[in-house]
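Q:
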Amino acid sequence: AEPDRLTQFAHLEHRLFRGISFLSFFFKLRVDSIPLDSIRQIFEQFEIELVRLYVVTEQQSFNARQLIADFPRSKYTVYLQHMPPVDKLLSLPPMEEMHAIGRGTIPVEAFFQLIAAHNVLKIYRESVVINWEELKQAMKIISSDSREKTANLIVFNASMVKWLRSEGFTESTRPGQSCRRFELIANGTTQQSEEDDHDNDFKLRYKQCFIRVNRFAWSGEEK
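Here the numbering used here is used: the first residue of the sequence shown is 138, the next is one more, and so on.
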């Protein structure tokens, strides 16, 4: 949303009628020329069901937190290209999606709290240092929540193979077999169809948590 467009939206309600609502609206807070008051005016005059915020700097992160706190009726998706301090990251209220794109490391305990808080959590650029037991703890958190949740992580293929072997899985394990508390759904070797983009995915179920390992291979150093 550009500044002049925001001004147009601010006057739209008076020219037409009251009670206008938007299903989705997004702001790139990285555009510093947009005053926060202009964005706030839009929030005050219109009902917005879903707001997408793109955040790059610490000041923009502060602005995002202010908007979310002041207008809790809307649902939010935040793309954090600037990684704020952990305490401020955890201070964000529950939202539809959180995308942690900026470089930095999130402590695993904070990662657990983020999974518990947000419906969809996507971590990029290896921002969490986590071992297999801790990853299983994250699965338990997802399983115990009644809400539908999604968490995405980038993992080295070799690490994933080591973790799976530690649970008893091998190349010969077939769908339907169980190893400890894991049930194998797809072993990443059988193509489902020519149109299937995930024919190499390794699919598991752990309690109420469904796990899909994209582009899985029993050998190789890919992620």
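Glycine residues also receive a C-beta, built at the ideal position from the N, C-alpha and C atoms.
Given the structure is predicted, the values throughout are model-derived calculations rather than measurements.
If you draw a straight line from the alpha carbon of residue 255 to that of residue 312, how long is it in whole angstroms?
A: Position 118 of the sequence shown holds residue 255. Position 175 of the sequence shown holds residue 312. Straight-line Cα distance between these residues: approximately 31 Å.
Q: Which runs of the alpha helix (DSSP H) spanning at least 4 residues fall entirely within the region 196-264, listed in chain order?
A: Within the region 196-264, the complete alpha helix (DSSP H) runs of at least 4 residues are 223-227 and 245-254.
Q: Rounded to whole angstroms, what is the Cα-Cα separation between residue 318 and residue 343?
A: As a position in the sequence shown, residue 318 is number 181, starting the count at 1. As a position in the sequence shown, residue 343 is number 206, starting the count at 1. Residue 318 and residue 343: Cα-Cα distance of roughly 6 Å.
Q: Could you spell out where the alpha helix (DSSP H) holding residue 180 opens and where it closes?
A: In the sequence shown, residue 180 corresponds to position 43, counting from 1. 173-182 is the span of the alpha helix (DSSP H), which, as asked, contains residue 180.
Q: Thinking residue 303 and residue 269 are a contact (beta carbons under 8 Å), I'd like their distance in whole angstroms, please.
A: Along the sequence shown, read from residue 1 onward, the residue named residue 303 stands at position 166. Along the sequence shown, read from residue 1 onward, the residue named residue 269 stands at position 132. So it is a contact: roughly 6 Å between Cβ atoms.
Q: Would you call the CB atoms of residue 274 and residue 306 closer than 8 Å?
A: Here the question's residue 274 lines up with position 137 in the sequence shown. Here the question's residue 306 lines up with position 169 in the sequence shown. Not closer than 8 Å, so no.
Q: Assuming contact is defined by CB atoms lying nearer than 8 Å, are residue 247 and residue 223 in contact in what I supplied?
A: Here residue 247 corresponds to residue number 110 of the sequence shown, with the count starting at 1. Here residue 223 corresponds to residue number 86 of the sequence shown, with the count starting at 1. Yes, the pair counts as a contact, with Cβ atoms nearer than the cut-off.
Q: Output yes or no for whether 8 Å exceeds the beta carbon distance between residue 203 and residue 219.
A: What you label residue 203 is simply residue 66 of the sequence shown in a count that begins at 1. What you label residue 219 is simply residue 82 of the sequence shown in a count that begins at 1. No, these two residues do not count as a Cβ contact at 8 Å.
Q: Residue 348 lies in the beta strand (DSSP E); which residues open and close that run?
A: Counted from its first residue, the sequence shown places residue 348 at position 211. Its beta strand (DSSP E) spans residues 346-350.
Q: Closest to residue 186 by C-alpha separation, out of 176, 195, 175 and 214, would be which residue?
A: Walking along the sequence shown from the start, residue 186 turns up at place 49. The candidate whose alpha carbon is nearest that of residue 186 is 214.
Q: Mind checking who residue 284 pairs with in its DSSP beta bridge?
A: Along the sequence shown, read from residue 1 onward, the residue named residue 284 stands at position 147. For residue 284, which the question treats as bridged, DSSP gives no partner whatsoever.
Q: So residue 301 is in the beta strand (DSSP E); what residue range does that whole segment cover?
A: Taking the sequence shown and counting its residues from 1, one reaches residue 301 at position 164. Looking at the DSSP string, residue 301 is not in any beta strand (DSSP E); the run it does join, the alpha helix (DSSP H), is 294-303.
Q: With DSSP collapsed to three states, give me the class of residue 272.
A: Walking along the sequence shown from the start, residue 272 turns up at place 135. DSSP places residue 272 in helix when its eight states are reduced to three.
Q: Exposed or buried, what is residue 350 when buried is set at 16 or more other beta-carbons lying within 10 Å of its beta-carbon?
A: One-based indexing of the sequence shown puts residue 350 at position 213. Under this definition residue 350 is a buried residue.
Q: Out of curiosity, what's the CA-to-CA distance linking residue 329 and residue 340?
A: By 1-based counting over the sequence shown, the position of residue 329 is 192. By 1-based counting over the sequence shown, the position of residue 340 is 203. Residue confidence for residue 329 is low, a pLDDT of 47 falling below 50, so the modelled location carries little weight; the figure read from the coordinates is stated next. So the two alpha carbons sit approximately 13 Å from each other.
Q: Just how far apart, CA to CA, sit residue 212 and residue 286?
A: Translated into positions along the sequence shown, residue 212 becomes position 75. Translated into positions along the sequence shown, residue 286 becomes position 149. Distance between the alpha carbons of residue 212 and residue 286: 15 Å.
Q: Between residue 289 and residue 353, which are expected to be in contact by the criterion C-beta below 8 Å, what is the C-beta distance as a whole number of angstroms?
A: As a working mapping, residue 289 is identified with position 152 in the sequence shown. As a working mapping, residue 353 is identified with position 216 in the sequence shown. Rounded, the Cβ-Cβ distance is 15 Å, inconsistent with contact.
Q: If we ignore side chains and look at the alpha-carbon of each, how far apart do residue 279 and residue 272 end up?
A: By one-based count along the sequence shown, residue 279 stands at place 142. By one-based count along the sequence shown, residue 272 stands at place 135. The alpha-carbon atoms of residue 279 and residue 272 are separated by roughly 11 Å.
Q: Could you spell out where the beta strand (DSSP E) holding residue 339 opens and where it closes?
A: Here residue 339 corresponds to residue number 202 of the sequence shown, with the count starting at 1. From DSSP, the beta strand (DSSP E) with residue 339 extends over 339-343.
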